[in-house]
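If you read the sequence shown in our numbering, its first letter stands for residue 30, the second for the next number, and so on.
Even for Gly, the Cβ is constructed at its ideal location relative to N, Cα and C.
See structure below.
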Amino acid sequence: MEPHWQPADHVAFRQVGAGHGELWGRPAVVVADDHDCTVLYFPAGTPVARVDMKDGFRPLEPLHNRMGLLRLIPRDRPYSVTLFFEAGVEVPSYWSWLAPSGHCRGWKIDIETPSRRTSIGFDTTDNSLDLVRRPGEAWLWKDEAVTDRLRADGVFSAAELRSFYETGRAALDACEAGDALFHPAWEQWRPDDTWSVPELPDGWWLEPGADINLNHGRHFTWRWPSDQR
């Protein structure tokens with residue numbers, strides 16, 4: 030398979046099929062896209078756009094990246110690796126696990142489905158459970174209570190929840206074995222000064238697949254609004 034995207038291209042990274050019915054979209058700059066891994070950069074200040082799929086794709090208040098994020102997306106693995114970079118701001122309270130200073134503030138393993146290519150970028154389904162660490166420190170599980178609540182609400186099955194933990198442990202084994210995704214050199218990475226700020230394409234939420242949970246391929250029961258097909 031030939032690379033789909035070239036360095037400096039702009040793409041949409043969407044988190045699809047969420048049990049809460051929200052579709053999230055993030056504009057990103059392509060750092061690399063080859064046979065083994067896709068690397069995306071989300072500059073500080075770029076929006077995290079959201080729409081409520083249960084309510085006619087009603088736009089919701091966007092969130093914003095407080096820091097620069099570098100996301101390493103290995104091919105065909107059910108997780109990605111994100112690094113958080115200093116942007117001259119204090120660490121938000123909800124990111125208290127990050128280091129208070131330094132160029133690289135921390136790492137996160139996002140347990141999610143293998144990314145699927147689309148005509149505008151990449152789709153994945155986030156599975157809520159994460160692992161995090163500060164540079165040079167041990168990994169910690171994150172959002173276990175959230176994941177347990179989703180299991181109790183029927184969003185995940187018991188078997189799926191077990192598989193998420195198995196995925197996390199496999200990622201830790203890869204880190205321990207010296208996998209390139211976790212090489213310390215990533216902590217010194219910096220973006221190209223010539224890159225422009227990415228924006229989401231018009232109608233990013235209309236790209237097919239927004240309502241599909243990529244864990245099992247099932248659609249939600251609500252329908253696309255007839256005037257937005």
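- Assignment of beta-bridge partners to L99 by DSSP yields Y70 and L112.
- Residue burial is scored here from C-beta neighbours: V175 has fewer than 16 other C-beta atoms within 10 angstroms and is therefore classed as exposed.
- Look at A206 here: in three-state DSSP terms it is coil, with no helix or strand label.
- Distance from the CA of W215 to the CA of A47, rounded to the nearest whole angstrom, comes to 30 Å.
- For A57, there is no enclosing alpha helix (DSSP H); the residue is part of the beta strand (DSSP E) that begins and ends at E51 to D62.
- Bridge pairing for I149: absent [DSSP].
- Rounded to the nearest whole angstrom, the C-alpha separation of S109 and E90 is 26 Å.
- With distances taken between CA atoms, G74 lies nearest to G97 out of G97, D152 and P129.
- In the structure shown, V40 falls within a strand segment according to DSSP collapsed to helix, strand and coil.
- Classified as buried, P103 has 16 or more neighbouring CB atoms from the shown chains inside 10 Å of its CB.
- Just so you know, the alpha carbons of A61 and A203 end up roughly 21 Å apart.
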